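Protein chains in written order, with my numbering: chain A, 306 to 818; chain B, 306 to 818. First up is the structure itself, then whatever we jot down about it.
Protein chains: 2
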Amino acid sequence: MNGAESLVHTLVGGGVRVSFTNPGTSEMHFVSALDRTEGMRCVLCLFEGVATGAADGYARMAETPAATLLHLGPGLANGIANLHNANRAASPMVNIVGDHATSHRKYDAPLASDIESAARVVSGWVRTSQSTGAVAQDAADAIAAALAPPGVISTLILPADVAWGEAGGPAKVPAVPARAQAGKDAVTAAAAVLRKGEPTVLLLGGHVLRKRGLEAAGRIARSTGAHVIGEMLNARLERGAGRFTIDRIPYPIDQSLARLKDYRQFILVGAKPPIAFFAYPDKPGRLYPPGAEMHVLAQPADDGVHALEWLADELGANEPAVLEPPSRPAAPTGAITFDSIGAAIGALLPEGAIVVDESVTSGRGLFAFTKGAPPHDWLQNRGGSIGYGMPVSIGAAIACPDRKVIALEGDGSAMYTIQSLWTQAREELDVVSVIFANRSYRILRNEMTNLGLGNPGPKAIDMLDLRRPDLDWVAMAAGMGIPGARVDTIDAFCRAFGRALRARGPYLIEMVF
Amino acid sequence: MNGAESLVHTLVGGGVRVSFTNPGTSEMHFVSALDRTEGMRCVLCLFEGVATGAADGYARMAETPAATLLHLGPGLANGIANLHNANRAASPMVNIVGDHATSHRKYDAPLASDIESAARVVSGWVRTSQSTGAVAQDAADAIAAALAPPGVISTLILPADVAWGEAGGPAKVPAVPARAQAGKDAVTAAAAVLRKGEPTVLLLGGHVLRKRGLEAAGRIARSTGAHVIGEMLNARLERGAGRFTIDRIPYPIDQSLARLKDYRQFILVGAKPPIAFFAYPDKPGRLYPPGAEMHVLAQPADDGVHALEWLADELGANEPAVLEPPSRPAAPTGAITFDSIGAAIGALLPEGAIVVDESVTSGRGLFAFTKGAPPHDWLQNRGGSIGYGMPVSIGAAIACPDRKVIALEGDGSAMYTIQSLWTQAREELDVVSVIFANRSYRILRNEMTNLGLGNPGPKAIDMLDLRRPDLDWVAMAAGMGIPGARVDTIDAFCRAFGRALRARGPYLIEMVF
């Protein structure tokens, strides 16, 4: 058994069952080891940002790490933007980054670079495997590190000769600590805050945003009158009819300030104190009002669900949460507007859907229209680096093959990782991509106004405009093996979207407006 | 004048006349400043790797830096792979990377990351501008750093509040040292080596690979019998009829070892001792034979042209170099083979063409077929990170609007930065892209054999295969506004290529074989 084989056996034995790969020469022994090992599904991606984003989506839905296979420093670099997003989403992941053979390092070959420094920017755990004897244990440690709450990016650098040399057998993954439980003091303090009756918000983030955590928060809300709200961007939020469905902090600076201005008390459960996504001249960076008090019930790595249930019990909040009643907007007709987009998605969203939301400007109103739709998951971009959506939809579809994945994409965003479509086609994934083709970086036009740059001239407009030429998304999708349709009315969208939801397999809808 | 304006004025005053941009919210004041400043051409790219690769191509042909505009750490990260290539090519470049306002740093906002650490991996000069008062001088220093021989990647990090705050005027670029001239000892030593008459090679790299440096090397070759050869990968090589046209070290390990095995003396002129691109079990990392002696006539930052001319004079090498006679292969017919590809390119290559070569496997034989074609430049990937070709062709076309740019692309490679096609269309660049659609990572199939992994199984084959589904390059190009044709015979290729060369503007040919 060579080093690569001992590594792959360790990964499979440690529960890593999917690898999103973009290999090169230095990873050929790893590829060859995958060939000879049962239990690992290999998914080829034609760009590394697709691989890392897919591993993020997989981790969010499977709650277990996938591996990536990346080629040297530049291959890792191409994956960094989506690793940044995954890191902010606390998605566990094990990156395997091939490196030159240790004997080759002294030559400073063309592809040599400082892989460790690049990896550290986005990884909680980084190690270069130093020998074939160590590589299995290194892989086991990488898995254990990834599984540490709330979820960590591990990056293991694999020199080619460590992969091809003779090694021992696989290693076992060390025990991983569970999430820490809240202390009595934090629960008592939160209960005291809630009993004061001041305007109070329970601000939720991370793993509590599932059915059980939300229902505990809903019991507290019902008993105390506190409001429950999610962070601005959430890795995975369970919502819809029959769930305790919450809103989130809006993105636009003026809206978020207005939304939070009246609260005096913030109880943080897996969330951080709310701050602005960007800074603006003459606007505050904190979204909470001066003088508001922050109380931490659970850190992101803590067991926030247990803490919420304990707090509810402490408060005697015995009435169950008020669950969202089923409701759907009527299917809209006529022009495409933000409201008719919301109504269309709300009218048609299927049960169990996984919505990967990178709709940027166009999707701001979607939450209100979909809150009573059949139960579904909503995934957002925690890190803000665009190009996350289509790759994440790949990983979500592989983790949950029986659920429909709906990728809502701004046209500007979708271009960054457009190679995703090919992998969706190859793997026959059940993903419907909706491209909101407003043919501009529309969000930036809005941001210019927020920044006091209200009247951009022709050169600035050109930098924010995706016309000349218009992108033809249906043609690009066809070029990567995915059928699609272009629509320019909401009626046509509803027909195309309904058809795509009833069918299986990848499909793309370009909505021009 | 705000900080962004003082920065843009400094760039323009310092000779930076093109900016390849992919902006975000934190760069809006910079975009707005570009709007109000004459003298800077702004080229929008839909992915950051396109922007950095374009700046590389521009620098290679214009011999002056372009700027890039990138959005925060993840935007820089998306550009790192092509910055790695540009760094290895010693292309001068000034990256402007927006950052959160300094007042916002303490909040660890979603897009915050360690930009400096990521930048250092691929930059020779990195600075975060600390104040509006300093930003103009920072920009001037960045330009000066970029211009230091042989050419440096400068990265200036621009916090949003440094851009929007009130600043003074622009700053002047400090004086830049010229290339160091060779010392008499090095010239005398090289002359002595050449006079010995042992098998000797002049190994050239960097800026000497232009007409004048090559002709000096050619004088030496004619006078001494030494051979002249280029490094394996060269940023820009002038060649063709009427030039002293040289070969380069081949990429495949067995060929490169065979090519160099008989030389006893290596005189390095802007080149490094030749080493293997990758390590292989049981093969040497050094490409030169044991016992061969290395002599440095000029380091990459030195004035190698002056050194070669001095050495030629020292040797009394008064006969001019033997220049390449005009010759073209006959236009081929029939099947597509590596030889017929070479013949077709050689038969049709127009005078003044800039060939951006990322043909990987398919283009290995092109040098022999094109050596007598009308004079042209040949650009290669110094850093080896694939996805360099289409972006570099953008920059080359902008630097040299009167020359035809021919991007020779493997299909696997072209996918990494496929967004390049849109910028080619928007800017109406005179670029003909030829996609060698062998529908696999063919090079890796060959490398598996070199690595002793000769019989890949189905899972490994799947990781190297671009079928299921086939990529339709003509459809993808059309989706980004570029016309194209698919050919599957060499006759059809010659017709399509000839037509594209006679026309102006971007065109794509997919060659299926």
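For glycine and all other residues, C-beta sits at the position ideal for the given N, C-alpha and C. Everything numeric in this text was worked out from a predicted model, so none of it was measured.
Can you pull the chain A neighbours of residue i, defined as C-beta to C-beta under 9 Å?
i              : result
N383 (chain B) : G354, A382, N383, I385, A386, S690, G692 and Y721
L538 (chain B) : P415
Q724 (chain B) : M720, Y721 and I723
L776 (chain B) : L351, W727, G784, M785 and G786
Going by the CB atoms, is the gap between residue j and residue i shorter than 8 Å?
i              : j              : result
A441 (chain A) : G523 (chain A) : no
R750 (chain B) : L769 (chain B) : yes
S690 (chain A) : H389 (chain A) : yes
Q570 (chain A) : E536 (chain A) : no
D361 (chain B) : A394 (chain B) : yes
F335 (chain A) : A521 (chain A) : no
G651 (chain B) : A678 (chain B) : yes
V427 (chain B) : N392 (chain B) : yes
W683 (chain A) : L542 (chain A) : yes
I554 (chain A) : I534 (chain A) : yes
G510 (chain B) : P605 (chain B) : yes
S528 (chain B) : L452 (chain B) : no
P464 (chain B) : T550 (chain B) : no
Note the first and the last residue of the continuous beta strand (DSSP E) segment covering residue i.
i              : result
N400 (chain B) : M398 to D404
R791 (chain B) : G789 to V792
E598 (chain A) : E598 to A603
E656 (chain B) : Run containing E656 (chain B): none; DSSP gives neither H nor E here.
S324 (chain A) : V323 to T326
T460 (chain A) : I458 to P464
E471 (chain B) : Counting along the chain, E471 (chain B) falls outside any beta strand (DSSP E), and DSSP gives it neither H nor E.
G511 (chain A) : Unbroken run through G511 (chain A): none, as it is neither H nor E.
L349 (chain B) : R346 to L349
E536 (chain A) : Careful: E536 (chain A) lies outside any beta strand (DSSP E) and carries neither H nor E.
Would you give the residue range spanned by the alpha helix (DSSP H) that residue i belongs to?
i              : result
S667 (chain A) : Unbroken run through S667 (chain A): none, as it is neither H nor E.
T493 (chain A) : K489 to K501
R527 (chain A) : K516 to T529
G380 (chain A) : L377 to R393
I795 (chain A) : I795 to R807
L312 (chain A) : G308 to G318
T357 (chain B) : E353 to A367
M785 (chain A) : Where M785 (chain A) is concerned, there is no enclosing alpha helix (DSSP H), given that its DSSP letter is neither H nor E.
Quick one: list the residues of chain A neighbouring residue i, beta-carbon separation under 7 Å, in chain order.
i              : result
D419 (chain B) : V426
T330 (chain B) : F583, L749 and E752
Can you tell me the Cβ-Cβ gap for residue i and residue j, rounded? I've got them flagged as a contact below 8 Å.
i              : j              : result
Q729 (chain A) : I787 (chain A) : 6 Å
L374 (chain A) : L381 (chain A) : Contact flag wrong, Cβ pair sits at about 11 Å.
P680 (chain A) : V736 (chain A) : Rounded, the Cβ-Cβ distance is 19 Å, inconsistent with contact.
R710 (chain A) : V661 (chain A) : For clarity, residue 710 (chain A) is Val in the given sequence; the question names Arg instead. Indeed they touch by this definition, with Cβ atoms about 6 Å apart.
M306 (chain A) : A472 (chain A) : 6 Å
A424 (chain B) : I401 (chain B) : So it is not a contact: roughly 11 Å between Cβ atoms.
A491 (chain A) : V399 (chain A) : Not quite, the Cβ-Cβ distance comes to about 32 Å (not below 8 Å), so this is no contact.
N387 (chain A) : G354 (chain A) : 5 Å
Taking residue i as the query, report the chain B residues whose CB atoms sit under 7 Å from its CB, ordered along the chain.
i              : result
M333 (chain A) : L749, E752, M753, L756 and L758
K764 (chain A) : L339, D340 and C347
Q604 (chain A) : Neighbours of Q604 (chain A) on chain B: none; closest Cβ ~14 Å, over 7 Å.
G595 (chain A) : One detail in the question is off: residue 595 (chain A) reads as Pro in this sequence, not Gly. Per Cβ cutoff of 7 Å: no residues; P595 (chain A) is ~15 Å from chain B at best.
V457 (chain A) : Those do not exist, as V457 (chain A) stays about 16 Å from chain B at its closest Cβ, beyond 7 Å.
Since residue i meets chain B, which of its residues come closer than 8 Å, beta carbon to beta carbon?
i              : result
T828 (chain A) : There is no way to answer for residue 828 (chain A), as the model of chain A reaches only from 306 to 818.
W615 (chain A) : Result: empty, since nearest Cβ-Cβ is about 28 Å, beyond 8 Å.
S667 (chain A) : What S667 (chain A) touches in chain B: nothing, since even the nearest Cβ is about 17 Å away.
Give the residues of chain A in contact with residue i, contact being defined as C-beta atoms less than 8 Å apart.
i              : result
M781 (chain B) : A780, M781, G784 and M785
P761 (chain B) : V336, S337 and D340
H466 (chain B) : The question names His, but residue 466 (chain B) in the sequence shown is Asp. Near D466 (chain B) (Cβ distances below 8 Å), the residues of chain A are A584 and P586.
What residues of chain B sit near residue i, judged by a beta carbon separation below 9 Å?
i              : result
Y412 (chain A) : K577, P578, I580, A581, A584, G590 and R591
A406 (chain A) : F583, A584, Y585, P586 and G590
S422 (chain A) : S422, A423, R425 and V426
Mind listing the chain D neighbours of residue i? Cutoff is C-beta to C-beta under 8 Å, in chain order.
i              : result
L351 (chain B) : Given the protein chain composition of this structure (A and B), no chain D is represented.
(message) Suppose only complete runs of 3+ residues qualify. What are the beta strand (DSSP E) ranges in the region 720-762 of chain B, listed by chain order?
(response) 736-742
(message) As an exercise, report each continuous beta strand (DSSP E) stretch of at least 3 residues that is fully enclosed by the region 628-708 of chain A, in chain order.
(response) 659-663 and 681-684
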